[in-house]
Structures are given as structure tokens and as C-alpha cells.
Amino acid sequence: MKKTMTVRSKCYKILSIAVIILLAIAFAFPLYWIITGSFKTAKAINSTTPQWIPSEWVMDNYQKLFSKQRAPLWSIGIPFTGITFAGPTVPASIRWLMNTIFMAVVSMILTCATSAMAGYALAKKRFIGRTILFSLIVCAMALPKQVILIPLLREMSALNLYNTIWAVIFPIVGWPFGVFLIKQFAEGIPGEMMEAARIDGASEWKTFTNIALPMIKPGIGALAIFTFINSWNDYFMQLIMLSSTENATISLGIARMQAENSTDFGLIMAGAALAAVPIIVVFLIFQKYFTKGITMGAVKG
Amino acid sequence: MAGKAKKTTGYSMSRALVRRETIAGYAFMLPNLVFFVGFVIYPMIQCVITSFFDSTMNRADIFVGLGNYIELFQDGVFLRALWNTIIIVVVSVPVTCIFSLWVSSIIYDLKGPFCSLLRCVFYLPVVTGSVAVAVVWKWMYNNYYGIFNYVGKGLGLIDKNINWLGDERFALGCIILILLTTSVGQPIVLYVSALNNVDASLVEAAEVDGANRMQCFWRIKWPQIMPTTLYILVITTINSFQCFALIQLLTSGGPNHSTDTIMYYIYHTAFKLYRYGYGNAMGVVLAIIIAVLSAAQFKMAQSD
Amino acid sequence: MKFRRILALALVGTMALSATAFAEGETTDITMWTYPVGDWGNAEVMDGLIAKFNEVHPEINVKVEYLDYTNGDDQVNTAIEGGQAPDIVFEGPERLVANWGAKGLMVDLADLWTDEAKEAIYDSVENACKSNDGVYYEYPLCMTAHTMAINRDVFEAADALQYLDEETRTWTTEGFLNAVKAVYESGQDPVGAVYCSGQGGDQGTRALVNNLYGGTFTNEDHTAYTLDSEENVKALQLLADTDGINFDASIAGGDEIQLFCNGTLAMAFCWNVAQEKNNAEIIDFDVLPMAFPSETGEPKLCGGIWGFGIFNNGDEAKIAAAKTFIDFMANDESIAADSVKASTYWPVKDLGNIYEGNDLMTEYATFIQYMGDYYQVVGGWAEARTAWWNMLQQIGTGADVATAVADFQTTANAAAGK
Chain A
177 MKKTMTVRSK CYKILSIAVI ILLAIAFAFP LYWIITGSFK TAKAINSTTP QWIPSEWVMD
237 NYQKLFSKQR APLWSIGIPF TGITFAGPTV PASIRWLMNT IFMAVVSMIL TCATSAMAGY
297 ALAKKRFIGR TILFSLIVCA MALPKQVILI PLLREMSALN LYNTIWAVIF PIVGWPFGVF
357 LIKQFAEGIP GEMMEAARID GASEWKTFTN IALPMIKPGI GALAIFTFIN SWNDYFMQLI
417 MLSSTENATI SLGIARMQAE NSTDFGLIMA GAALAAVPII VVFLIFQKYF TKGITMGAVK
477 G
Chain B
29 MAGKAKKTTG YSMSRALVRR ETIAGYAFML PNLVFFVGFV IYPMIQCVIT SFFDSTMNRA
89 DIFVGLGNYI ELFQDGVFLR ALWNTIIIVV VSVPVTCIFS LWVSSIIYDL KGPFCSLLRC
149 VFYLPVVTGS VAVAVVWKWM YNNYYGIFNY VGKGLGLIDK NINWLGDERF ALGCIILILL
209 TTSVGQPIVL YVSALNNVDA SLVEAAEVDG ANRMQCFWRI KWPQIMPTTL YILVITTINS
269 FQCFALIQLL TSGGPNHSTD TIMYYIYHTA FKLYRYGYGN AMGVVLAIII AVLSAAQFKM
329 AQSD
Chain C
56 MKFRRILALA LVGTMALSAT AFAEGETTDI TMWTYPVGDW GNAEVMDGLI AKFNEVHPEI
116 NVKVEYLDYT NGDDQVNTAI EGGQAPDIVF EGPERLVANW GAKGLMVDLA DLWTDEAKEA
176 IYDSVENACK SNDGVYYEYP LCMTAHTMAI NRDVFEAADA LQYLDEETRT WTTEGFLNAV
236 KAVYESGQDP VGAVYCSGQG GDQGTRALVN NLYGGTFTNE DHTAYTLDSE ENVKALQLLA
296 DTDGINFDAS IAGGDEIQLF CNGTLAMAFC WNVAQEKNNA EIIDFDVLPM AFPSETGEPK
356 LCGGIWGFGI FNNGDEAKIA AAKTFIDFMA NDESIAADSV KASTYWPVKD LGNIYEGNDL
416 MTEYATFIQY MGDYYQVVGG WAEARTAWWN MLQQIGTGAD VATAVADFQT TANAAAGK
């Protein structure tokens, strides 16, 4: 009896693994299709019989992508002076990539810094209004950003931030998930350590940097990667807030390009590859911290 | 002991400490509060206020009271969008949860790098980004050169090309399928770690007592991974409500409003019909729905 | 103390910098957003034209942004709401006059419309460029007649050329139906597609429906929509019933063009000379541009007019600079012909034969004579366009034609009455 059970359960397991491997192939397929598609000839792409593996690898699509529009590599404006320093002219898609990297990195740094402080305060400081603030944060987390798109757009316009990368960054930084995550980590800081620091006469800031920060480091690491990937892919805010080609991000640029050349799939795949590959590489490198981070955030929450 | 001692000193520390804690607390909160209040709370309040106005481009807002809300529930397109949104949530949330639980239960105890490799693969569509995902699926669904029609015909499942995204019967299903591939990544990661944290001695004890696989799972493991399930339910629900890019890039709500969702309809109302107040009213309704749902999910989990 | 000193230094520094910027300057930066109207959507050509402009007016910097027809309107609308509308926008009266103009967002261009200009520019174009109240919101540059096109090779193989007049480029409704039938039976499926995923290229589908039985889209005064006429309903019903004509809700005009050019479709409803030029590389068959079929064989083509409008951003210097730019591009002898040529269309006033010896342009010039009423300036145009493709989607999914048309009428006329 027992034996047949194990045999059956073994069979079940092997069969399931086979199915899962097939599914995993299906999940990886779109990415494979993007990358191979970007190297296919126009003829191969427009044929009703798809080529599973390109019979001929060509760079045509990338050439087209890079020759489409041009923009300076960077343009840094000095506020209130009207002076801008523009970099050398490059294909617009490279500029988009630059914008996206800048946006993701700045969002990441600002989010981590502000969330670390706020999360620590919420977990360890017994201040008035703390509970209300925390419940506000939890409530806000559930709301889709799109709900506030119109007021947010008007606000950015009033602040003169519309069509700047900051209009995308600030709402990301304001999004309370980071605070929530760090708070879960900061709860684990032993009270005795903080007490000891206080008795030693350490300032609040010292206590934070010397005692709290090392303890919430894993949380910050996870939050950093999380914010980086999410802001990279935050298409909606970019669509609303950025209007010019120069300020576009790679997702937005590709989305606009596909509207313009909607059936030139080779070109669009080249764009998609340019948008997806860097972020996938980042993910694969930091994969371990990432999985750890999202698990911890969930388990503690 | 130490904790208790601290507490008593804490209470006796009285005013001075409370003040210090409050000042420090807010000082630490401040940088975040600037962004949180400025770019989340303030727009939310604005959103609620404007929803009572007829607001359009280049004209002063006119107060209409509940007018926008009343119109909403007579607007066939909005109701259709609401219905579609509900379908997306009702289909994708359970499927995502069950699918990821099943996959995780098979792969979590695999030896070597297999588990993390598979986990990674299932996470790929999330990382790829909604735009890249949308455009490649658009190609795969294409009426003329799409791989779905080719494979379907090759396997004899269909006898002529199907216009997947252009056919009212299939479009929403196609969108949901893409949504599913981009939403199981995180749940799988979470379930794998939750299952690895299940107390092994309990499972062994149950096996010794002759419990079969299913019993083992439902009696021992399931209660222990319940908090994870709850979390997954909540995040998947929120994600499914947010489905926007796929619709904007693939169908623009068509054909025949069959893929209109509230999210997309808000955008459409605002930037094609210039009705900002009306769009905001939709946002408020959506927010209320999500709030009620999340609260219900929490309640449900607590009663378990 | 130290901090204050740094602050003071920084302030002085910024002021000095801004002072130099001002002294150096006197230049005005303006932005122009263009829709893809021929090569006005092509950065290389535009850079050339602007360089010419800057030879004469080095004090005005023009920055161009290129829009597409799928998202362009959303992009402009968000920018308006974001307080950063472009200074100049290059498009047709349906957007400039009937939409943004009617909303009070555009600058009155009365000083560009001198008596001389009014004299030179064709009357029909002039009428399209002013609002119902007689305010000019657009200064036109070029125009064309939107046609359809067929794959001549496929038609020849199916022996369908007999149903059309290759000389005048016209055909009757009956001839069209016979031709579609012949091509369909020769194994080409679909022959043509009534694209309706969005508004892109909808002038083609409108012209097709209107021409088949001689219906009109609006009344003569452009104050109300008349799609529910017997002729239009009949035409829509006919298209829905014809084998080989698909209602395709997954593509818009741009996709249809590409599908036609690569041979998937045998006819395109969204066509004009620019399409043949831009896709020359892909097309490996003989393209035969055709007028839309009508019962009498006398088509009324939908016109396209393109020109400039100025968004009122409240900055007089920018508005003046924008006007200088428009005046130069449209009227200066050294460049006017080139700017029209860049659009690949025809001038809105007599500039002589600017396409002398150009076979393709001569071929397409045949169609100008068939130009019909420019009804796109009717009120509620933006809403009506959305309602139009929604209606086609409904019909495509089997809804009753009369009901779908009635829905359209309600929505569109409600918007027109605003």
C-alpha cells in the first residue's frame, strides 16, 4: 500500500516537473522571440511561416532603430538661468536609455534614503500621530497610481515639472511601499541597543547611522533593486508626464515607435530588446537579494 | 525582563522623552513625508474634490455635486469597463494563486540550482517590462504573421486565422493570458520560500501517522503558508486592477469596448474626451472598490 | 556664518550667469510639433528646412517634436493640461480649428491672413481654416485628396481590371463589388480591411462609406452629422455583407498601409501619394491609386489640408517668433515650394507647377479634381472620431447596422451641439 503510494507520488512529481519545464519554456519564449526577432530580416518577419531560429542574422533593425531620430546624449539645465549644456548628438534611443538609467538610479537613491529614515522612525520612535500615519501609508499602498493621474498632472504643471524626468521620479519616491518594507525590517532592531546608545549620549542621527542602518541594510538592498526595476518599467507615469522625444524613457520611446511603425515588428523588437535586456541583466546579477527582499517584505508584512 | 525594565523607564521618562521622540520621529519622517504628502496624498484629495466638478480644458470648473457619479452609473461604457475589470480580477487572481502554488509545491524541494533557475524564468516576464511584453505579444497574436495562428493551424486546433485581438470573443481572454504570465513571478518566489519554511518535523510526524500527500498538504502546510497566501491575494488583486499598458498598447479598449477597463477608461476620458472631473469620479469609485476588496480579503483571512 | 556666505556667493553666481544668458540671447526658443505629414515628420528633411530658416532668422531657435497619429492627440492634450503645449503645431483644421481652436487654446492668426493671402489661397481651404465665428486658427501650407489604392498585379491576375477605369481612376459601386468578388474568388483573402482599432486613417473608411451610395458625413453647414441617412446605412450594410472585406478591429490606418504594401491586402483605403513614396522600398508590385467607388462613378474625395496653428502660451515673444516662422515657411519665395514639396502634397495656392516632370505627382494630381467638401471642421469632431471607430467595431462584431449608426448619431450630435 505504502509502496504504491510512493510510486504514484513519484510519477506525479516527475510528470509535473515535465509540465513545469514546458511552461517555463513558454514563459521564456516571448523574450526569446524579442531577441531573435530583432535580428531577423524583414522578409522573415513578414512571412506567415515563422522562423523558429533566424536563418540569417542581420543588424538591419538595429541600424534602423539607431538612425531614426537623434538627440543630444544629455542636456543639463541650470535652474532659472535658461542655460543648458547639451551633450554630443546620439541616436534618440541611446538618449532614452540614459534618461531611464538616470531616472531609475535617482528614484532608487531617493526612495531608499527617505524610506530608510521614515521606516526606522515608524518602527522605533514613539511619536504622536505615528499610528495614524502608518495606517495612511498602508491604505495608500493599495491604490493604483492611475487614479490620481489628472491631479498629479496638474500639480506637475503648476510646479513647472511637467515634461521633466522629475515628474516621474517624485511620485515613485512618494509611493509608500518602501516605508512599509523598511519598517518591517526596523522592527527587528533590539530596543536594548538603542537604549544603550542613548545612555552613551549618542545623538539621534548617530543612533540611526551606527545602529539602525546596519540592521536594516538587507531591507534597503531589496528595496533598491525593487525600486530600480519598478521605476524602469513604470510606463504609465512616463506616458503621462513626458512629452518630448528628448525626455522620453526607453519604454515610452518604444511605445511611441510602435504606434508609428506598428507592423514593422523587426524594428519594434530591436527597441524592445534594447529596453528589456539591460534590466534583465541587472535582475539576474542581483537576483538573490531581490528574491530575498520580496520574501522578507511579505513574510514580515 | 529587560523589555519590561525598559518599558517602566520609558513611562517614567515622561514629557522630555516624548518630546524628543516626537521631534526626532518627525525629523526622520520629513523627507519622505514631503514626497508622500506632496505627490500621493495631495493629489488624492484633489482627485476627490475635482470629482464633484465638471472640469475640462481651458475653462473654469463648474460645480456639479454628485452629477459625475450619477452619470457614471448610467454610462454604458463605464459599466462595461467595470464589468471587464471585475472579470480580469476574478479570473486572474485565483488562477495566479493556484498556478503559482502548484508550481511552487513541485519545485520548492528540488535539488541543486533547478529551483532558483525555474523561479527566475517565471519571474522574467515581470522584469521584461510591460511595453516590451506588450509589443512581442502583439506580434504573436497578429492576425497575419502571428505565431499563435501558425501553431494553432499546425496542430489542427483552428482551421483559419483568428484575429485574436480584433475579435470581441477573444480579446479580453488574450489580455488576461498576458497578464497571467506577468503576474505569477512574485507569488512563486513567495510560495517557494514559504514552503521551505514549513516546519519539517510536523510534516514528518504526519507522514509517520500515515497521512497521504494531500492530507499532509492541507492539514500541515496550508495553515502555515496562509499568511503568504493572503499577501499574494492582496498584491495580485491590486496588480490586476492596474492593468493599463497592455490595453493601451494592444487594443485601446476595443473591439467594441470588450477590453475597456476602468484604468484605461479614465485615461481615455481625460485625454480624448477632456472630461477631467468625470475621470476623477471614476478614480474615486475605483479606489473605493479596491479599498472594500482589500478590507474584505483581510477579514476573510483573519476569520480563518 | 559660513553657510550664509556660501549662499550669497551662489546667488551672485546664478545672477551673473543669468545676466550673461540674457545678454548673449535675444534669441527666442520655440517648439513645433508636427504630425507625420509627408516629410514634415522626417527629422532629416526638417533639419534642412530649419537650417534654411535660420540663415535668415538666426534669432529664432525651432525645436521640432514628431508625433504619430495613434498617440499624437493624447500627447498634445496631456501637454496642454501639463501647461507645456507646443508653440506651433502642424496639422489640419479638424484639430487646429475645430478642436483646439474651438476650445480657445489657439492664437488668432488674423495678421498672417492678409488680404493678399486671402486672395491667393483657394477659397475652400480658406473656409476650412477659420472657425464658425470667422477667426483664423490655421495658416495652411499644403493639401491633398485622400484616395484608395489597389494591387494592380493581383487585380490583373484575377481578371478584375475590367471593372474599373484606369484612365480616370474611377469605378462604380457595382464595378467595385464585382472586382472584390473576382479577387476574393481568385484566392485572395482578405481583399481589403475596414480597419477600426483607433482613429488613425479614418478618413479612408469614412470616404468609402460616404461614396458607395452618395451619402454625406455632415450637413452642408457642418453643424450636424448625417451618418444615419439611408445611403450611409446601406453602404455600411453592404460592407458588412461583402465577402473579402473584413472589419478588422486589431489594425488602424497605418497598419493597413503596411499590410497593403507587403502584399497581405489587395487594396488600401487609407492612401495618398505620400504612402506610395514612403513605402517605395517595400512595395514590389504595381500600385494603382484609385478614387473611391460610387454609384455614379463620380467620386467625392475626402481632402486633407495641413498647416500651422499657434498655441496661446501667453508669451508674446514666442507667438511673434512663431508667426515669423510660419510666414517664412509658407510665403517666402526661397522656401515655400520646398516646404510644400517636403509634405509631398500640393500647395494651397498657385505656386506654378512645382512638380514639373515628376510622373508620380502628375499621376496623383488627377485626383485633386475629385475633391469633395471639407466637412472635418464640424463641431465635436474629436468625439465623433472616437464614436466612428467604435461604431465600426460594433458592426464588425455583428451588431445591427441601424442601431450602431443610431448610437453614433446620438454621441456625435450631442458633441456637435455643445
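Protein chains in written order, with the numbering used here: chain A, 177 to 477; chain B, 29 to 332; chain C, 56 to 473.
Yeah, the Cβ is synthetic: ideal placement off N, Cα and C, and Gly gets one too.
If the criterion is Cβ atoms closer than 7 Å, does the pair residue i and residue j meet it?
i: Y338 of chain A; j: Q139 of chain C; result: yes
i: A183 of chain C; j: P148 of chain C; result: yes
i: S268 of chain B; j: I116 of chain B; result: yes
i: P380 of chain A; j: A199 of chain B; result: The sequence shown places Glu at residue 380 of chain A, not Pro. It is not a contact, given that the beta carbons lie outside the stated cut-off.
i: A292 of chain A; j: I358 of chain A; result: yes
i: N96 of chain B; j: A309 of chain B; result: yes
i: G213 of chain B; j: Y259 of chain B; result: no
i: N468 of chain C; j: A279 of chain C; result: yes
i: G362 of chain C; j: Y192 of chain C; result: no
i: A449 of chain A; j: I210 of chain A; result: yes
i: A222 of chain B; j: I248 of chain B; result: no
i: C357 of chain C; j: N334 of chain C; result: no
i: E120 of chain C; j: S420 of chain A; result: yes
i: F462 of chain A; j: I401 of chain A; result: yes
i: L443 of chain A; j: K240 of chain A; result: yes
i: Q464 of chain C; j: P283 of chain B; result: no
Starting from residue i and walking both ways along the alpha helix (DSSP H), at which residues does that stretch end?
i: K107 of chain C; result: 98-111
i: V266 of chain A; result: Premise fails: V266 of chain A lies in the beta strand (DSSP E), 265-267, not in any alpha helix (DSSP H).
i: T89 of chain C; result: Unbroken run through T89 of chain C is the beta strand (DSSP E), 83-89; no alpha helix (DSSP H).
i: G308 of chain C; result: 308-316
i: D462 of chain C; result: 456-471
i: G138 of chain C; result: Unbroken run through G138 of chain C: none, as it is neither H nor E.
i: E423 of chain A; result: This sequence places Asn at residue 423 of chain A; Glu is not what is there. Segment: none, N423 of chain A is in no alpha helix (DSSP H) and carries neither H nor E.
i: T446 of chain C; result: Position check: residue 446 of chain C holds Met in this sequence, whereas Thr was assumed. Taken as a continuous stretch (DSSP letters only), the alpha helix (DSSP H) holding M446 of chain C covers 436-451.
i: E331 of chain A; result: 325-334
i: I203 of chain B; result: 196-211
i: F64 of chain B; result: 42-64
i: A385 of chain C; result: 371-386
i: N265 of chain C; result: 257-267
i: V92 of chain C; result: It is not in any alpha helix (DSSP H) - V92 of chain C carries neither H nor E in the DSSP assignment.
i: A420 of chain C; result: 414-420
i: S407 of chain A; result: 389-408
Look up residue i in the DSSP assignment and give the residues it is bridged to.
i: D303 of chain C; result: C:Y250
i: S349 of chain C; result: C:T227
i: C357 of chain C; result: C:H201
i: N116 of chain C; result: C:D84
i: G364 of chain C; result: C:V144
i: Y280 of chain C; result: C:T273
i: W401 of chain C; result: C:M198
Locate the beta strand (DSSP E) running through residue i, then write down its first and last residues.
i: M322 of chain C; result: 322-326
**Every unbroken beta strand (DSSP E) within the segment 217-290 of chain B, with a cutoff of 3 residues, ordered by chain** = Taken in chain order, no unbroken stretch of beta strand (DSSP E) lies wholly in the segment 217-290 of chain B with a span of 3 residues or more.
**Item:** Residue ranges of each beta strand (DSSP E) within the segment 350-387 of chain A, 3 or longer
**Value:** Inside the segment 350-387 of chain A, DSSP marks no whole beta strand (DSSP E) run of 3 or more residues.
**Request:** Could you pull out every unbroken beta strand (DSSP E) segment of at least 3 residues lying fully inside the segment 183-257 of chain A, listed in chain order?
**Result:** Segments of the beta strand (DSSP E) lying fully in the segment 183-257 of chain A: 246-248, 251-254.
**Message:** Going residue by residue through the segment 95-142 of chain B, where are the continuous alpha helix (DSSP H) segments of at least 4 residues, counting only ones entirely within it?
**Reply:** Runs found: 95-100, 104-135.
**Request:** Could you list the residues in the segment 239-265 of chain C with a C-beta less than 8 Å from some C-beta on chain A, going in chain order?
**Result:** Of all residues in the segment 239-265 of chain C, none has a Cβ within less than 8 Å of some Cβ in chain A.
**Request:** Scan the segment 188-209 of chain A for residues whose Cβ lies nearer than 7 Å to a Cβ of chain B and list them as they occur along the chain.
**Result:** Within the segment 188-209 of chain A, the qualifying residues are K189, S192, I193, I196, A200, F203, A204, P206, L207, W209.
**Message:** Restricting to runs no shorter than 3 residues, where is the beta strand (DSSP E) found entirely within the segment 145-218 of chain C?
**Reply:** Fully enclosed beta strand (DSSP E) runs of no fewer than 3 residues occupy 194-206 of the segment 145-218 of chain C, in order along the chain.
**Message:** Taking beta-carbon pairs under 9 Å, can you tell me which members of the segment 57-75 of chain B lie near chain A?
**Reply:** So the close ones are M57, L58, P59, N60, L61, V62, F63, F64, V65, G66, F67, V68, I69, Y70, P71, M72, I73, Q74, C75.
**Asked** In the segment 303-320 of chain A, which residues sit with their C-beta less than 9 Å from some C-beta in chain B, listed in chain order?
**Response** If you check each beta-carbon in the segment 303-320 of chain A against every beta-carbon of chain B, the ones closer than 9 Å belong to F303, I304, G305, R306, L309, L312, I313, C315, A316, M317, A318, L319, P320.
**Asked** Using a Cβ cut-off of 7 Å, which residues of the segment 366-385 of chain C contact any Cβ in chain A, in chain order?
**Response** Residues of the segment 366-385 of chain C whose Cβ lies closer than 7 Å to any Cβ of chain A: none.
**Request:** Report the residues of the segment 139-153 of chain B with a CB closer than 9 Å to any CB of chain A, ordered along the chain.
**Result:** For the segment 139-153 of chain B, the residues whose beta carbon sits under 9 Å from a beta carbon of chain A are, in order, F142, S144, L145, L146, R147, C148, V149, F150, Y151, L152, P153.
**Request:** Taking only beta carbons into account, state which residues of the segment 266-285 of chain B come closer than 8 Å to chain A, listed in chain order.
**Result:** Residues of the segment 266-285 of chain B with a C-beta atom less than 8 Å from some C-beta of chain A are I266, F269, Q270, F272, A273, Q276, L277, listed in chain order.
**Asked** In chain order, what residues of the segment 159-193 of chain C put their CB closer than 9 Å to some CB of chain B?
**Response** Cβ contacts with chain B: G159, L160.
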